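In order, the protein sequence lines correspond to chains C and L. Note that numbering that gives the first Met the number 0 has the first sequence beginning at 0, numbered continuously upward. Note that numbering that gives the first Met the number 0 has the second sequence beginning at 0, numbered continuously upward. Even for Gly, the Cβ is constructed at its ideal location relative to N, Cα and C. Since this is a predicted model, take the numbers as computed values, not measurements. Data block below; observations after.
There are 2 protein chains.
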Amino acid sequence: MKAPAQHGSAAWLDEEAELIQLLFDVLGTMKHRFHAIVSDFGITPPMAHALRQLDPGRAVPMRDLALGLHCDASTVTGIVDRLEAVGLVQRRPDPVDRRVKALVVTKAGLVLRGQLVERLVHEAPPVAALDHDERRHLRALLAKIVATAGGGSPAR
Amino acid sequence: MKAPAQHGSAAWLDEEAELIQLLFDVLGTMKHRFHAIVSDFGITPPMAHALRQLDPGRAVPMRDLALGLHCDASTVTGIVDRLEAVGLVQRRPDPVDRRVKALVVTKAGLVLRGQLVERLVHEAPPVAALDHDERRHLRALLAKIVATAGGGSPAR
DNA sequence: TATTGTTATACTCTATAACTATA
DNA sequence: TATAGTTATAGAGTATAACAATA
Numbered sequence: 000m001k002a003p004a005q006h007g008s009a010a011w012l013d014e015e016a017e018l019i020q021l022l023f024d025v026l027g028t029m030k031h032r033f034h035a036i037v038s039d040f041g042i043t044p045p046m047a048h049a050l051r052q053l054d055p056g057r058a059v060p061m062r063d064l065a066l067g068l069h070c071d072a073s074t075v076t077g078i079v080d081r082l083e084a085v086g087l088v089q090r091r092p093d094p095v096d097r098r099v100k101a102l103v104v105t106k107a108g109l110v111l112r113g114q115l116v117e118r119l120v121h122e123a124p125p126v127a128a129l130d131h132d133e134r135r136h137l138r139a140l141l142a143k144i145v146a147t148a149g150g151g152s153p154a155r
Numbered sequence: 000m001k002a003p004a005q006h007g008s009a010a011w012l013d014e015e016a017e018l019i020q021l022l023f024d025v026l027g028t029m030k031h032r033f034h035a036i037v038s039d040f041g042i043t044p045p046m047a048h049a050l051r052q053l054d055p056g057r058a059v060p061m062r063d064l065a066l067g068l069h070c071d072a073s074t075v076t077g078i079v080d081r082l083e084a085v086g087l088v089q090r091r092p093d094p095v096d097r098r099v100k101a102l103v104v105t106k107a108g109l110v111l112r113g114q115l116v117e118r119l120v121h122e123a124p125p126v127a128a129l130d131h132d133e134r135r136h137l138r139a140l141l142a143k144i145v146a147t148a149g150g151g152s153p154a155r
C-alpha cells in the first residue's frame, strides 16, 4: 500500500488529489475556451467533435461516428441533423448496405475545420502557456496516457 | 495517413495539432470516466464539481460558487436544488446580508466527497497510466498551465 | 433474428430575461 | 440603483425504449 504519512491523513493522497485537481482545472479551462471558439463558428462542441471525427476522404457511417464519439446512436442523429442543417456535412445512402447512411464533409465543413484547428493551436490554454520543450514533454505524457487508457466505454 | 492542407509552412502545425488532439482525447476519456464514477454515487458531473468547489469549513455564498464553476447564477440554482434534494448540501441564510444564501456541506456530502476523490485518484486515466515521476512531471506542467491561463470567463 | 438509423420521451445543463427581496 | 437569488423559458446534449427498413 502507500506509506501512511505524518499528519494523520494520507499525504500520498494529497499529491494524487492535487494532480486530479489540476487536471480538472485544465479540463474546465479548455472546455470553456473550446466552447467560446466553436461558438464563433456558429456550432457547438459536440458538432465540432463530430466534425473532427469525420474523414475528409471517406464516407463514414453514422454508427462509426457514434463509436468515435463514445455516445449513443440516437445522440448522433441529433448532432448530424444540426451539422447538415448548416451545410457542414451530408448524409449519403450507402449503395451496398442500404441500412447505413454515411457522412461526407462538405467543402464548407473542410474550411471550417481548418480554421478551427488554426484557432485552437493558437488559443488553447496548454499551447499558450508552455514553451516548445515543455509542450513536447506534455505531448509525450499525454500520448502515454492515451495509449494506456484506451477508450472508456460510453454507454451500454 | 494523409495531410490534405500542406500548403507551405505547415509542418509546425502538425506537432501543435497533435498536442491538441491528444489533449482532447485525454479530456474525452476523463469526461466519460468521471461521468461513470459520479453516476455510481447517484449524482451528475456538475453536482460533483460544485461539491468539490465548496469549502467544508466555510459557508460559501452561491454567487462565489457560480464564479468558481464559471457558470451563470441561474445554473447554480438548479444544481444546488439537486444537491440539496439528495441531502449533500444545505442552503443557509446569511445573517449579515439577507440577500445571500450560503452553502454548507452536510456530513453525507463530506463522506461522498471523500469517497469520490478516492475513486478518482485510483481510476482516473492519467494517474493509472503514469508512474510516480511522470505524474510529478505532469503535475508541474499542469500547474504552469493553470497559473498562466487563469480563468476563461464563460458567461456574462 | 440482428443491425442501422430514426422517433418519442425524459432529464440535465446552460444562458437570457424578468422578477423578488434586499442593500 | 445595484446586487443575490429565483423563476420562466428555450435550446442543446444525453440515454432508453420503441420502431422501420434492411440484412
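Of the residues I42/C, V126/C and L18/C, the one whose Cα lies closest to the Cα of R81/C is I42/C.
Against chain C, a Cβ distance below 7 angstroms from I78/L picks out nothing, because the smallest value is about 15 angstroms.
Going by DSSP, A101/C is part of the beta strand (DSSP E) stretching over K100 to V104. G108/L counts as buried, since at least 16 other C-beta atoms from the protein chains shown sit within 10 angstroms of its C-beta. When Cβ-Cβ separations below 8 angstroms define contact, G27/C makes contact with chain L. Under a criterion of Cβ atoms nearer than 7 angstroms, no residue of chain C is adjacent to K100/L; the nearest Cβ is some 24 angstroms distant. Think of a sphere of 9 angstroms around the beta carbon of I19/C: the chain L residues whose beta carbon falls inside it are V116, L119, V120, A123, P125 and V126, in chain order. Positions of the alpha helix (DSSP H) runs, each at least 4 residues long and wholly inside the segment 18-61 of chain L, are given as 44-52 in order along the chain. H48/L and G27/C have their C-alpha atoms roughly 10 angstroms apart. One finds nothing in chain L with a Cβ atom closer than 9 angstroms to the Cβ of V59/C; even the nearest lies about 15 angstroms away. Per DSSP, the continuous beta strand (DSSP E) segment holding R91/C begins and ends at V88 to P92.
The beta carbon of H136/L lies closer than 6 angstroms to none in the same chain, with the five residues before and after it left out. Only buried fits A101/L, as 16 or more other CB atoms lie within 10 angstroms of its CB. In the three-state reduction of the DSSP assignment, V126/C falls in the helix class. The three-state secondary structure of V85/C, taken from DSSP, is coil. In the three-state reduction of the DSSP assignment, D96/C falls in the coil class.
For a Cβ distance threshold of 7 angstroms, residue set V116 and V120 of chain L lies close to A16/C, ordered along the chain. By the 16-neighbour rule on beta-carbons within 10 angstroms, A128/L is buried. Cβ-Cβ separation between E122/L and I36/L: approximately 6 angstroms, consistent with a contact (criterion under 8 angstroms). Taking a Cβ-Cβ threshold of 8 angstroms, the residues of chain L close to E133/C are L140 and K143, in chain order. Chain-ordered, the chain L residues with CB closer than 8 angstroms to the CB of L137/C read L18, L137 and L140.
Within chain C, not a single residue places a beta-carbon under 7 angstroms from that of D54/L; the smallest gap is close to 14 angstroms. If you draw a 10 Å sphere on the C-beta of A72/C, you find fewer than 16 other C-beta atoms in it, and that means exposed. Taking a contact as a CB-CB distance under 8 angstroms, the pair L50/L and L64/L does not count as one, their CB atoms being some 10 angstroms apart. Among the CB atoms of chain L, none fall inside 8 angstroms of the CB of T43/C. Shown here, H69/C sits in coil according to DSSP, grouped into three states, outside any helix or strand.
The Cβ of D71/L sits no closer than 8 angstroms to any Cβ of chain C. With respect to the 8 angstroms criterion, P44/C and F33/C are classified as neighbours on the basis of their beta carbons. Neighbours of L82/C in chain L, taken as residues at a C-beta separation under 9 angstroms, are lacking, since the least C-beta distance is about 18 angstroms. Nearest neighbour of T105/L by Cα position, chosen from A142/L, K30/L, V59/L and L66/L, turns out to be V59/L. Rounded to the nearest whole angstrom, the CA to CA distance from A146/C to L22/L is 13 angstroms.
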